[in-house]
Each structure stands twice: as structure tokens, then as C-alpha cells.
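K.L.:
Just dropping this structure here.
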Amino acid sequence: MLVLVAPGQGAQTPGFLTPWLDLPGAADRIAAWSDAIGLDLAHYGTQADADEIRDTAVAQPLLVAAGLLSAAALDAPSPDVVAGHSVGEITAAAIAGVIGDEAALRFVRTRGSAWPRPPRSPRPVWRPCSAATPPSRSRTWRSSA
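Here's what the structure looks like:
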């Protein structure tokens, strides 16, 4: 039985895509996917630093692309089971044939780009309250824009 498990965000490290690009057809796939989603996956997977690839808009497509390359590189029959954690679920769906590779990458590119960004400056999202003021009435909600 062959089981493939795709990781979630946080599994990426600087340069982790480098050895994969030496595999037959891998660089061409990465180039085509990069064109399709408007993100230079080869650059981010080989040259970018940890801060650059921590950005959700970069990390998620990068991890899905790496997972798809990994599955394609196996010299084995189709997996019996696929699973994934967080964004790895999208990788698993593509490996299982539920969604196409390019569609999976477009989806996570859009999803990652829409992910909330932290505020540019520190802002309180709550304030202390006393026993006389219930928490539900003391919270100050602000947008991160």
C-alpha cells in the first residue's frame, strides 16, 4: 500500500526546491505553473530567503508545486491513499485527481493572496475590562487595513 501525505505551510525552507528541478521535466512544469499563476516558483523555491517564502501568498503555491513534483517523481503506481495537512489537502486532492494540477495552484495562489495580513503598525484589538463591564461590551474591534 502506498500512502502519500502532503505537508502544510511551514514545511518550506530556503532552497528546498533546488534538487527537484534536476528531475526530468520538473523545471518545465515549474515554469508552466509559474506562468499560469503569475508567481516565479523557481525563484522562490531556490533563491528566496526564509522571510520571502514565509508569506502565505508564496508559501502555499510553492508547497503545492513541490508536492505535485514529488508525486510525479515517484517510480511507483498511483497511491492507494493521499492525505494532507492544511494546504497539503489541496495537494492531496490534485494527486488524487479530484482537481487538476494547474487548478490547484491557481486556487492556492488566490487563497494565499487573500490571507489576512497583520497590521502594519501595532494596534490593540481589545482593552482591559473590569468586573462591572462585561467583556462583550469592552472589546474594540479594528480592521487590519
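Quick note on numbering: the UniProt record's numbering labels position 15 of the sequence shown as 15, and the sequence is numbered without any gaps.
Beta carbons are placed, not taken as given, at the ideal position from N, Cα and C, and that holds for glycine.
Since the model is a prediction, treat every value here as computed from it, not as a measurement.
#1: Ala114 and Gly67 - do their beta-carbons sit closer together than 9 Å?
#2: Report the rounded CA-to-CA distance for Pro50 versus Ala96, giving the unit in angstroms.
#3: When you compare the region 93-111 with the region 51-62, are there three or more beta-carbon pairs, one atom per stretch, that lie closer than 8 Å?
#4: What is the DSSP secondary structure of Leu39, reduced to helix, strand or coil?
#5: When you compare only the Cα positions, how much space is there between Leu23 and Ala93?
#6: Give the single residue among Ala73, Gly25 and Gln12 whose Cα lies nearest to the Cα of Glu52.
#7: Pick helix, strand or coil for Gly10, following the three-state DSSP scheme.
#8: Mind checking which residues open and close the beta strand (DSSP E) that includes Val82?
#9: In three-state terms, what does DSSP make of Val98?
P.N.:
Considering the structure as presented:
#1: Your numbering for residue 67 matches position 67 in the sequence shown. Your numbering for residue 114 matches position 114 in the sequence shown. No, these two residues do not count as a Cβ contact at 9 Å.
#2: Position 50 of the sequence shown, counted from the first residue, corresponds to residue 50. Position 96 of the sequence shown, counted from the first residue, corresponds to residue 96. The displayed chain sequence assigns Ala, not Pro, to residue 50. Between the C-alpha atoms of Ala50 and Ala96 there is a straight-line separation of about 30 Å.
#3: Contact holds between the region 93-111 and the region 51-62, because three or more Cβ pairs, one in each stretch, are under 8 Å apart.
#4: As a first step, residue 39 must be located in the sequence shown, where it is residue number 39. Three-state result, Leu39: coil.
#5: For the purposes of this step, residue 23 is identified with residue 23 of the sequence shown, where counting begins at 1. For the purposes of this step, residue 93 is identified with residue 93 of the sequence shown, where counting begins at 1. Distance between the alpha carbons of Leu23 and Ala93 is about 23 Å.
#6: In the sequence shown, residue 52 corresponds to position 52, counting from 1. Nearest C-alpha to Glu52: Gln12.
#7: Numbered from 1 along the sequence shown, position 10 holds the residue referred to as residue 10. Correct three-state label for Gly10: coil.
#8: Start at 1 with the first residue of the sequence shown, and residue 82 comes out as number 82. From DSSP, the beta strand (DSSP E) with Val82 extends over Val81 to Gly84.
#9: One-based indexing of the sequence shown puts residue 98 at position 98. Looking at Val98 - three-state DSSP - the assignment turns out to be coil, as it is neither helix nor strand.
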